[in-house]
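Q: So the protein lines, in turn, are chains A and B.
According to my numbering, the stretch in the first sequence is residues 85 to 343, in order.
According to my numbering, the stretch in the second sequence is residues 236 to 504, in order.
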Amino acid sequence: MMMTEPSKYNRDACHECIISIEDVSFYYENKTPVIQNLDFKVLERDFVGLIGSNGAGKSTLLKMIAGLIKPVQGEIKLFDQPISDFKDWERIGYVPQKNAMNPFFPATVKEIVLSGLYGKKKMFKRITKKEMQKCDDSLQALGIEQLANRRIGNLSGGQQQRAFLARALINNPDLLILDEPMVGIDAETQESFFHMIRHMHRQHNITFLMVSHDVEMMHSYLGTEPIHTAGKLKFYVKHSHDFEDCVETDLTHSLKGFF
Amino acid sequence: MDLDIFLFPFFQKTLFVGFLIGIIAPLIGVFIVLRRLSMIGDALSHVSIAGVALGFIIEVYPLALGIAFALIASFAIEKLRKAYPSYAELSIAIIMSGGIAFASVLFTSGKGFNINVQDYLFGSIVALDTADIWIVLTVTLLVIAFVFISYKELFLVTLDEDAASVSGLPTRLFNILITTLTALVISVIIKIVGALLVSALITIPVACSLVIAKSFRHTMWMAVIFSEIAVMGGLMVAGIWNFAPGGTVVLLSIALLMLSFLFSRSKAS
């Protein structure tokens, strides 16, 4: 599939707006702005790569999208809802940085994956058989079913990331946010992890936002030209219509049927 | 050696309270240790004995004032943590020395303190009255109910606080609940184990369990089992040979920690 020239594509038409960043600025008290007047839209089934050096504002932007901090100016909308009103957090899957996790945390892979369901579960409600099956399926989809009962801390970096990806997928999210998922993982594992993500993007109805500083890997999938640059932040995008022909056949067995 | 001690009601009371403490200390301890707050127990216990000392001076039920002081300290720690975001231990160091400073001034200001001071620093197996037992029982029920009801939420907050807050969890509320219950647990343990060694009871059984547990749930069960062995065993040894109970309990739990390391080594090889 060839890359489509970004400028020829009308980003406001036909696709649902998954993340809309409108004239957003952020700065800590009396400091120079981390992010200034940023405008950007992530549309349905886009694969957005966000690249920037340390201090470029990547994590600040992710925190704002997650609602952990508020923009000083401007507005962020998720699925067309202002972030302060947004409640459907299970539509968003999140894969943390590997080093954000305490490696000695005593949980098994299965416990980690099932915890993806905990956020929306009511008090006293136990995990059902159906949810157990969902967990097994997502472990299988990522090829780590044999690790289900191993402690997360005893696994390699790549295996840990797969476990966290399985956790993010268990709610069948519409948007998957990956925060530097390759940091601390060897090159070969990185390649196969990225391959898996790309495959998922083509096969399933998921929008991706991936933060990385691995420029080469991003270029290989998203092209060498950023669609948007804001300060030190660069946005690379692969649109779903770049492979519209495969979408129509593949959507029939989308992730929801797949799990 | 004095086996008759088992016949005395005061020692039976102590063993009963020890049994309850053996459950709640590691249950709350799992979440404290995994959130890297192991030292918080020390800080709270040192402030709590300042409250106890004040209670003796103004003749108010000492344990109640101890609990009140520990609760205030737990909120002060949270506040100070925000003031020095990248130096979380600093807040604990400040509160801990503040507590012991206040306690030492109070202890030396009054008369007739000497016996009680030693009890509160190193623990005692004869110090419990009926009111104490009711308070420990209440705190035990609170902790068990909290962990049982909010297991899922506690798991999320402990695994990754940011991610938990993204999934819509009131993480601040859970932080406050965890620290509040820790303050309660610490205050009720002090009378048996002593303020100097309280935090060992919260952390060491969990440390044992982390070495050998197979899962998160298993970690909690194993920590309770380790803690019961240490507390019940330690109290019996202390009662029979007339040692300080806190010391025997903690030494026994350190022995258990060494055993768990040996066990996991032999399993690995």
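Here a beta-carbon is modelled for each residue, glycine too, at the ideal position from N, C-alpha and C.
Computed from a predicted structure; not experimentally measured.
Along the segment 361-386 of chain B, where does the CB come closer than 8 Å to a CB of chain A? Name the residues.
A: Ile384, Ser385
Q: Anyone know if the C-beta pair for Ala323 (chain B) and Leu272 (chain B) falls short of 9 Å?
A: yes
Q: If you draw a straight line from the alpha carbon of Phe277 (chain A) to that of Val428 (chain B), how long is it in whole angstroms?
A: 51 Å
Q: What in chain A is Cβ-close to Lys449 (chain B), meaning under 8 Å?
A: Thr192, Asn233, Arg235
Q: Mapping the DSSP letters down to three states, classify Tyr305 (chain A) as helix, strand or coil.
A: helix
Q: Could you tell me whether the Cβ atoms of Leu253 (chain A) and Ile176 (chain A) are closer together than 9 Å?
A: Going by C-beta atoms, Leu253 (chain A) is not nearer than 9 Å to Ile176 (chain A).
Q: CA-CA distance, Leu487 (chain B) and Gln353 (chain B)?
A: Going from the Cα of Leu487 (chain B) to the Cα of Gln353 (chain B) covers about 21 Å.
Q: What's the gap between the Cα of Leu419 (chain B) and the Cα of Ser344 (chain B)?
A: 26 Å
Q: If the cut is a Cβ gap below 8 Å, which residues of chain A does Val401 (chain B) touch?
A: Per Cβ cutoff of 8 Å: Ala150, Gly151, Leu152, Trp173, Ile176, Tyr178.
Q: Would you mind sorting Met493 (chain B) into buried or exposed? The rule is 16 or more other CB atoms within 10 Å of its CB.
A: exposed
Q: Reducing DSSP to helix, strand and coil, say where Ser501 (chain B) ends up.
A: helix
Q: Report back the beta-carbon spacing between Leu226 (chain A) and Ile211 (chain A) to the nearest angstrom; my notes put them in contact at under 8 Å.
A: Contact flag wrong, Cβ pair sits at about 19 Å.
Q: In this structure, how does DSSP classify Met274 (chain B) when only helix, strand and coil are distinguished?
A: Looking at Met274 (chain B) - three-state DSSP - the assignment turns out to be coil, as it is neither helix nor strand.
Q: Please classify Leu431 (chain B) as buried or exposed, where buried requires at least 16 other C-beta atoms within 10 Å of its C-beta.
A: Counting Cβ neighbours within 10 Å, Leu431 (chain B) comes out buried, since at least 16 surround it.
Q: With a cut-off of 8 Å on the beta carbons, I'd call Thr417 (chain B) and Gly253 (chain B) a contact; round off their distance for me.
A: Incorrect: roughly 19 Å between the Cβ atoms, too far for contact.
Q: Please report the residue range of the beta strand (DSSP E) in which Gln230 (chain A) lies.
A: First-last for Gln230 (chain A): undefined, no H or E at that position.
Q: Counting only Cβ pairs nearer than 8 Å, list the residues of chain B close to Lys205 (chain A).
A: Lys387
Q: Quick check: is any heavy atom of the ligand ADP less than 8 Å from the C-beta of Ile368 (chain B)?
A: Looking at this structure, you won't find the ligand ADP or any other ligand, since it has none at all.
Q: Please identify the residue among A:Glu159, A:Arg129, A:Gly133, A:Val118 whose C-alpha is closest to the C-alpha of Ala140 (chain A).
A: A:Val118
Q: Is the CB-CB distance between Ala479 (chain B) and Val268 (chain B) below 9 Å?
A: No, these two residues do not count as a Cβ contact at 9 Å.
Q: Counting only beta-carbon separations shorter than 9 Å, does Phe278 (chain A) have a partner in chain B?
A: no
Q: Using DSSP bridges, identify the partner residues of Tyr296 (chain B).
A: Residue pairing by DSSP places Tyr296 (chain B) opposite no residue, since no beta bridge is assigned to it.
Q: With a cut-off of 9 Å, does the C-beta of Lys147 (chain A) fall near any C-beta of chain B?
A: Chain B, which has a Cβ nearer than 9 Å to the Cβ of Lys147 (chain A), makes this yes.
Q: Could you give the first and the last residue of the continuous beta strand (DSSP E) run that contains Val321 (chain A)?
A: 317-322
Q: Please report how far the alpha carbon of Ala191 (chain A) lies from the alpha carbon of Ile425 (chain B), in whole angstroms.
A: 31 Å
Q: Answer yes if the segment 161-177 of chain A comes into contact with the segment 238-248 of chain B, meaning at least three C-beta pairs across the two stretches below 8 Å, and no otherwise.
A: A contact between stretches requires three or more CB pairs, one per stretch, nearer than 8 Å, and the segment 238-248 of chain B fails this requirement with the segment 161-177 of chain A.
Q: In the structure shown, what three-state DSSP assignment does Ala430 (chain B) receive?
A: coil
Q: I'd like the list of long-range same chain contacts for Ile284 (chain B), defined as Cβ closer than 6 Å, with 5 residues on each side in sequence excluded.
A: Ala338, Tyr355, Ala430
Q: Within the continuous alpha helix (DSSP H) that includes Ser359 (chain B), where are the two ends?
A: Counting along the chain, Ser359 (chain B) falls outside any alpha helix (DSSP H), and DSSP gives it neither H nor E.
Q: What are the boundary residues of the beta strand (DSSP E) that includes Thr367 (chain B)?
A: Sequence check: residue 367 (chain B) is Asp here, not Thr. Element bounds for Asp367 (chain B): not the beta strand (DSSP E) but the alpha helix (DSSP H), 365-384.
Q: Can you grab the Cα-Cα spacing for the pair Ile330 (chain B) / Glu275 (chain A), in whole Å?
A: Pairing Ile330 (chain B) with Glu275 (chain A), the inter-Cα distance amounts to about 49 Å.
Q: Near Ser91 (chain A), which residues of its chain fall below 8 Å by C-beta distance, leaving aside the five closest residues on each side in sequence?
A: Residue confidence for Ser91 (chain A) is low, a pLDDT of 42 falling below 50, so the modelled location carries little weight and cannot support an answer.
Q: Could you give the DSSP three-state label for His297 (chain A): helix, strand or coil?
A: coil
Q: In chain order, what residues of the same chain have a beta carbon less than 7 Å from the beta carbon of Pro180 (chain A), not counting five sequence neighbours either side?
A: Listed in chain order, the non-local C-beta contacts of Pro180 (chain A) below 7 Å within the same chain comprise Phe248, Asp263, local neighbours out to five positions each way being set aside.
Q: Rounded to a whole number of angstroms, what is the C-alpha to C-alpha distance between Ala490 (chain B) and Ser137 (chain A)?
A: Looking at the two C-alpha atoms, the distance is approximately 49 Å.
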